[in-house]
Every structure is written in structure tokens, then in C-alpha cells.
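Number of protein chains: 2
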Amino acid sequence: MASDHTRSAILSAAERLYADRGFGDVTLRDIVASANVNLAAVNYHFGSKDELIAELFVTRSLATNRERLNELKSAEEAGGGRAGIDAIFRALVGPTLRGCLGPSSEGSTAARFMIRASIESVPPIRRIKNREVDHLRKFAAAMRRSLPGRNEADLYWGLHFALAMAHHTIRERERLTKLSEGLCDLDDVQGIVERVVAVSVMALTGGEAKSKAPTRLVARDGR
Amino acid sequence: MASDHTRSAILSAAERLYADRGFGDVTLRDIVASANVNLAAVNYHFGSKDELIAELFVTRSLATNRERLNELKSAEEAGGGRAGIDAIFRALVGPTLRGCLGPSSEGSTAARFMIRASIESVPPIRRIKNREVDHLRKFAAAMRRSLPGRNEADLYWGLHFALAMAHHTIRERERLTKLSEGLCDLDDVQGIVERVVAVSVMALTGGEAKSKAPTRLVARDGR
DNA sequence: GATAGTTTCATACAAGCGTTTGAAATGCAA
DNA sequence: TTGCATTTCAAACGCTTGTATGAAACTATC
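If you're matching them up, the sequences are chains F and A in order. Counting in our numbering, the first sequence runs from -1 upward without gaps. Counting in our numbering, the second sequence runs from -1 upward without gaps.
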């Protein structure tokens, strides 16, 4: 029991260091030095380095998932069981984008940590991410309720593309800023959310003839 | 001079091992064992481990970029200097998707290596990717020629989203298969290319009122 | 066939890593 | 205070890593 002071000092020091310098070159010795605790404390309180990383990531991603589901739930309740497809996408990408982008990410260690977790790919985090499928299925189900007639595969592709745009924007925010020479305003988070939502909705409801055969088969070498 | 046998044995063994097991847990000793050469040969021929990885990645990504630019050039020539926006997107995402997806990726070591390079994030590769901006600028220029009146920022967002969908599909192909329970056919590469192109085109030409103010500002807590 | 330059080889090095150990310190109940 | 369990600590362990060394083997030129 006791004060738990050591335990939480390790957690916050680790999160800050990982956020700043990535998982690759932060050692346990860096962490305990920054937390002013003994080296053995990490293994005493967490068991291993991987379990420390896992705990950090689980905490943060549970929070995001909870936020997502809350938004989804209110959207469905407001619509009497069926949320608009735009609201569903907003609930899916909004929390993540708001958490990781914008001025908050300058100050928030948690956000910068989650960006790192999205860019680098370390075993304990990958293991957790693989269990995220169940969470996404809830959004697929909501989409099915929202657009009952829609082709199933198209639904999954829509979900997939929405996540693609959100995550890629987080991963490559620096490159996009450099590429566009500042024209793309990465600080206007709400604008980005609406942009991603708009494209996602269009991808799903725009090209109607798309589901079975592609609108246009190109004259490409047909292997 | 000599036979170069050792050098290329190292290259192909390294590419295969990295493709199979990732950069994280493949050591120089694994590589030289698989290539049947001496440990010191790596540093003799490449200077360091990082330079070996860099050479592998540069070779493959130069090939992809060349393919992209070739497709772009033929599309622009066919259109008399202005390619259709769909052809531009096809030139951008086609080579990468064809290289990394589909049945080829079962057999092609190069493709699986590039997938790893896209998933994991190791310093020498990151350094090279950062120089990729100049290459992307050529596509931005082609888009500008294709859609002269278009808002500059929208162009970059379109480019960004196209890459997002392509790369995310490569990165998360397993998760998408699992999530959709096989409904999304990841082997139909040409179908995927057309899907990504169609959504990218729609993102750019679909919602006209989008450029300045979002179509609809949500009633969200305005922080 | 001697010589100079290139390439291979076994081996060692130094450093860094996560983890373990066992004793000292601390907190808490009786 | 005594006794027991929890927590901290300094130190070291064992292992792996990328890299360096210097001699041996090879190759090609004269």
C-alpha cells in the first residue's frame, strides 16, 4: 500500500521521457534518474519494462475509447437509436484528433506520448492494439444501424479510411506542415475533424455505383 | 572490386530477415549467419548497421519513386500537359499499393521489407523519409496544373489523405481483414487502388463549399 | 613468383541493457 | 517495543549489442 509516490513518479517520468524522445532511446536508467527513484523500483512495482509501457498505454487508450463511446452513445440517443453517419465518424476520430493535435499537444504529455505510440511500434503496445478490434466493431455496428442497406464491405472500408486519415494526420503532421509550407493549419483541430468527417461521409455515400464494380476500370496491364 | 558476392549476400539476407522479423529483433549476427559471411564483413562493406539499413531502404524507395514519376509523366503527356486528377492519384498510390499488397507480398521479400519500413520506425529510415518531401512536391505541382482554380491547402490535404489511405491500408491490412472478417478483399489490389483513387478524387472535388468554412459547425463545447 | 592491395576471418572490446539480489530502511499492528 | 511485511537501495549479474583489431587468405599486376 503505502504512499504510491514512487509508482506514480515512475509513471509520469516515463510518460514524459517517452513522449519527448521516443521508446527507442529511453532506458530504465533514464526514467529512474528523472523520477529520482531507485533502478530496482521499476521491476518491483511493474514487473518489467514492457509492463510499464503497457500500463502507460492502456491507461491512455482506455480513456480515449471511453470518450469515443460516450460520444457515440449520445449521438445515437439523440437520433433515437440511429446516429447520423457523420456523427458516428465524428465520435470515432474526434477524441483522438483533439487529444493529439492542436495547441494542447504542445503542453500535454499524454498527447505527445500517444503520438509516439502511434509512430513507433513497440511490442507491448502492438499487443494491446490488436485487441482494439472489439472496440472498432461497436462503431461498425453503429454504422450498420445508420445505413441499413449499405454493402458490408463498404462500411468497413469507410471505417478504415476514416481511421487512416486521422492517424496519418497525427503521424505526419510535421511533414504535412513542411510540404504545404504552413498552408495546412494543423492547429485548427476542429476544422481538421470536420474535414476528415466530411471526406469519410463522402467516401461512403458519394459514389453509389462503386460497391460492386469500380466506376471505371482503367486500361492498365491486366496482369 | 572482386566478386561482390559477400556484399550482395548480406543485402539479401538482411532484407529477408528484416522483412520476416522486423528491425527490432534482427541483429548483425543473425544477418551474417544467414548470409554465411563473417561478422566483420558488414562493417567492412557498409560502414555500420545503420548504413546497411539505409542502403536497403534507399534502393527500394528510389524504385518506387521512379515508378510513380513514370506513371505521372505518361498521364500528363497523354493529357497534353495536364493529367486528370484521378490519374495523378493513381500514379501516387498505385505503385506502393501494388508493391506491398496482394499475392505478390506473399512471395516478394522487397514488398514485405517495405511494409516493415512503413510500420516500424528506425532512425536511418526516418532520415530518408524526411527527404521525400521534394518528391511529393512534384505531385502537388501536377495537381495544381490539373485543377488550376483549386484552393492550395485543399490540394495538400487531398494529397495527404490519399497517402493516408494507401499507407494505412498497408500498415493495417491484417487488422482490417480481422475486423471485417474477410469481407474486405485485400488481394484485389487493383480494386483497392481504384477505391483509394475514387475517395481521393471525391475528397478534392466533391464538397465544394468546404474550402473556406466547414459545411457545418457542430454544437460542441467551444473550449 | 614476389609484391601490393583487397577481402575475409576469429576474436576481443567496451558499453549498454533489463533484471536480480540481499541487505537496509520504513511503516504498521499488537 | 517487538515483530512482520512492505518498500527502497546500492551493487552486481549476465547477456547482447555494434564495432574494432590485426593477422591470414586471396587476387591481380608486374
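Each residue gets a CB set at the ideal place from its N, CA and C atoms; glycine is no exception.
Rounded separation between residue i and residue j - CA only
i: residue 32(F); j: residue 11(F); result: 6 Å
i: residue 79(A); j: residue 46(A); result: 44 Å
i: residue 6(F); j: residue 65(A); result: 51 Å
i: residue 73(F); j: residue 142(F); result: 14 Å
i: residue 4(A); j: residue 30(A); result: 10 Å
i: residue 42(A); j: residue 58(F); result: 45 Å
i: residue 99(F); j: residue 15(F); result: 19 Å
i: residue 214(A); j: residue 183(F); result: Note on residue 214(A): pLDDT 37, under 50, position unreliable in the model; the coordinate value appears next. Taking the straight line from one Cα to the other gives about 18 Å.
i: residue 40(F); j: residue 2(F); result: 12 Å
i: residue 89(F); j: residue 134(F); result: 12 Å
i: residue 128(F); j: residue 75(A); result: 45 Å
i: residue 126(F); j: residue 146(A); result: 46 Å
i: residue 116(F); j: residue 169(F); result: 7 Å
i: residue 28(F); j: residue 194(F); result: 38 Å
i: residue 70(A); j: residue 53(A); result: 26 Å
i: residue 37(F); j: residue 186(A); result: 52 Å
i: residue 159(F); j: residue 35(A); result: 45 Å
i: residue 20(A); j: residue 77(F); result: 46 Å
i: residue 209(F); j: residue 165(F); result: In this prediction, residue 209(F) scores a pLDDT of 39, lower than 50, which makes its location untrustworthy; no coordinate-derived value is stated.
i: residue 26(F); j: residue 101(F); result: 30 Å
i: residue 139(A); j: residue 153(A); result: 9 Å
i: residue 9(A); j: residue 9(F); result: 41 Å
i: residue 24(F); j: residue 44(F); result: 17 Å
Member of the options whose CA lies at the smallest distance from the CA of residue i
i: residue 67(F); options: 55(F), 45(F), 93(F) and 78(F); result: 93(F)
i: residue 167(F); options: 191(F), 108(F) and 42(F); result: 191(F)
i: residue 227(A); options: 27(A), 89(A) and 113(A); result: As shown, chain A starts at -1 and ends at 221. That puts residue 227(A) outside it, with no answer to give.
i: residue 155(A); options: 188(A), 101(A), 182(A) and 87(A); result: 87(A)
i: residue 196(F); options: 9(F), 85(F) and 177(F); result: 85(F)
i: residue 122(A); options: 111(A), 51(A), 185(A) and 189(A); result: 51(A)
i: residue 189(F); options: 110(F), 95(F) and 126(F); result: 95(F)
i: residue 178(A); options: 149(F), 173(F) and 200(F); result: 149(F)
i: residue 223(F); options: 18(F), 22(F), 21(F) and 63(F); result: In the structure as shown, chain F starts at -1 and stops at 221, and residue 223(F) therefore has no counterpart that could be examined.
i: residue 202(A); options: 82(A), 116(A) and 173(A); result: 82(A)
i: residue 174(A); options: 173(F), 164(F), 157(F) and 185(F); result: 157(F)
i: residue 60(F); options: 97(F), 164(F) and 19(F); result: 97(F)
i: residue 199(F); options: 172(F), 165(F) and 144(F); result: 144(F)
For residue i, the first and last residue of its enclosing alpha helix (DSSP H)
i: residue 195(F); result: 187 to 203
i: residue 25(F); result: No alpha helix (DSSP H) contains residue 25(F), which DSSP labels as neither H nor E.
i: residue 61(F); result: 47 to 76
i: residue 149(F); result: Taken as a continuous stretch (DSSP letters only), residue 149(F) belongs to no alpha helix (DSSP H), as it is neither H nor E.
i: residue 132(A); result: 131 to 144
i: residue 98(A); result: 83 to 98
i: residue 116(A); result: 107 to 117
i: residue 34(A); result: Careful: residue 34(A) lies outside any alpha helix (DSSP H) and carries neither H nor E.
i: residue 13(F); result: 3 to 19
i: residue 122(A); result: 121 to 128
i: residue 179(F); result: Careful: residue 179(F) lies outside any alpha helix (DSSP H) and carries neither H nor E.
Under 8 Å between C-beta atoms of residue i and residue j
i: residue 131(A); j: residue 176(F); result: yes
i: residue 181(A); j: residue 151(F); result: yes
i: residue 107(A); j: residue 49(A); result: no
i: residue 204(A); j: residue 204(F); result: yes
i: residue 124(A); j: residue 17(A); result: no
i: residue 119(A); j: residue 118(F); result: yes
Any non-hydrogen atom of the ligand GDP within 7 Å of residue i CB
i: residue 64(A); result: No copy of the ligand GDP appears in this structure; indeed no ligand is present at all.
Practice prompt. Below 8 Å between beta carbons is the criterion; list the residues of the stretch 156 to 170 of chain F that meet it against any residue of chain A, in chain order.
Written response: 157, 158, 159, 161, 162, 163, 165, 166, 167 and 170
Practice prompt. Below 7 Å between beta carbons is the criterion; list the residues of the stretch 26 to 56 of chain F that meet it against any residue of chain A, in chain order.
Written response: none
Worksheet item: Looking at chain F, which residues of the stretch 174 to 188 of chain A have a Cβ within less than 8 Å of any of its Cβ atoms?
Response: 174, 176, 177, 178, 181, 182, 183 and 188
Item to complete: Anything in the stretch 128 to 147 of chain F with a Cβ closer than 9 Å to a Cβ of chain A? List those residues in chain order, please.
Response: 128, 130, 131, 134, 135 and 138
Discussion item. Beta carbons nearer than 7 Å to chain A: which residues of the stretch 190 to 206 of chain F have them?
Written reply: 192, 193, 196, 197, 200, 201, 204 and 205
Practice prompt. Please name the residues in the stretch 98 to 118 of chain F whose beta-carbon is closer than 7 Å to at least one beta-carbon of chain A, in chain order.
Written response: 117 and 118
Fill in: Under 8 Å (Cβ pairs) to chain F, residues found in the stretch 61 to 77 of chain A
none
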